[in-house]
Every structure is written in structure tokens, then in C-alpha cells.
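Just so we're aligned: the sequence shown equals residues 24 to 189 in the working numbering. Don't be surprised by glycine CBs; every beta carbon is placed ideally from N, CA and C. Only a predicted model underlies this, so the values are computations on that prediction, with no experimental measurement involved. Notes for the one structure printed next.
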Amino acid sequence: MTTPTSRTASHLAATLLTATVALYIALVAFGNITDFGTNQQFVRHVLAMDTTFKDDDVMWRAVTSEGLQDAAYVVIIVWETVAALVLGYGTWLWVRRDGERARLFSTYGLVMVMVLFGAGFIAVGGEWFAMWQSKDWNGLEAATRVFLLSGVVLVVVQLTADRSAT
């Protein structure tokens, strides 16, 4: 059974934590847009697999077309931007105390971040393109940190659900 005080605390936690991830991913997208070249090089090197062990059994996976590399980078930036907007809207709904819709939009945004960092960077970048082999272009630690942060916030957001009806 939840009390009014615990509901208020849960609501505040969900609001502030959703806002934290919204701010983070908005800053990431903003940085990628305003300083396009820095992470463009990161994406290019990961996809080209040019700093991996160069094992013939996996090098066939490399994407060396700069056009395809840049297209992938633009898709990442668009995904980050949409996730930031969805999380920003979720935060606004938390502030307005529209808990059900806030939870819905926060969930969508958090899952978007987790898909990008989990499936995109950890699975595809880390394993398919062997990013783990690179000393210079290895973003697995950062991706894992963001994935875990978003997952913890997702749990907090889900804990705000009204369970009295069940």
C-alpha cells in the first residue's frame, strides 16, 4: 500500500530522474549537431573497423563507405534528438502531475535511449563491428554507463504506477 508521502517521493524521483536523462541525451544530441566532426570520426572508425585486430574472419563486416558511415551517424543523431524530445515531454508531464501519460512518454524515451546504447553501441558497435578490440575508438564503457542509468530510471518510473487497482 502506498501512502501520499511515498507517492509524492516516487513522483519527485521519477520527475527528476527523467529530467536527468532528458538533459543528458539532449546535450549529447546538441554536441553531435554543433560539433559534428568529433563523433563523426568515432562512428567512421568503429564502422570501418580500422583499429581492430583486423581478423579476416570478421573484417568483411566493415563499412568503409563514408556516405554510409555518415548516414549511420545522422540516424544516431536523429534518434538521440527524438529521445530527448520524448523525455523532455515526459518530464513536463511529470511536472504537470499527469502521472499516467508521464510514465508512458518517459518509458518510450528511456527505452529509446536503452535501444540506442544497448542494441546500437554495445551489441552492434561493440560486437558486430568489434569495437571492444580498439584501444582508440572503444565506447563500450560509456555506452554501458548510459544503458544502466536509463534502466535504473526506467525501473523508478515504473514503480510510480498506481498499484491500488490490482
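Cβ-based neighbour list, residue i, same chain, cut-off 7 Å, excluding 5 preceding and 5 following
i	result
residue 107	45, 48, 49, 52
residue 188	Unreliable positioning characterises residue 188 in this predicted model, as indicated by a pLDDT of 47, which lies under 50. The coordinate reading is nonetheless provided below. Excluding residues within five positions, none has a Cβ falling inside 7 Å.
residue 145	163, 166, 167, 170
Residue i burial status per 10 Å Cβ neighbour count (16 or more: buried)
i	result
residue 159	exposed
residue 142	exposed
residue 56	exposed
residue 113	buried
residue 42	buried
residue 29	exposed
residue 171	exposed
residue 39	exposed
residue 92	buried
residue 76	exposed
residue 153	buried
residue 60	exposed
residue 128	buried
Close Cβ partners of residue i (< 6 Å) along its chain, the five nearest in sequence each way excluded
i	result
residue 175	none
residue 62	55
Cβ pair residue i, residue j closer than 8 Å
i	j	result
residue 68	residue 183	no
residue 124	residue 116	yes
residue 66	residue 96	yes
residue 109	residue 131	yes
Same chain, Cβ closer than 8 Å to residue i, neighbours up to 5 away in sequence not counted
i	result
residue 151	84
residue 74	68, 156, 157, 158, 159, 160
residue 137	170, 173, 174, 177
residue 15	Past the boundaries of the shown model lies residue 15; the chain is included only from 24 to 189, so the question cannot be answered.
Distance cut-off 7 Å: residue i Cβ against heavy atoms of the ligand NAP
i	result
residue 152	As far as ligands go, the structure on display features none, and thus does not contain the ligand NAP.
*Run through the region 32 to 101 for me and flag every whole alpha helix (DSSP H) of 4 or more residues, listed as ranges in chain order.*
The qualifying runs are 59 to 71, 79 to 82.
*Runs of alpha helix (DSSP H) wholly within the region 132 to 184 (minimum 4 residues, chain order)*: Listed in chain order, they are 163 to 182.
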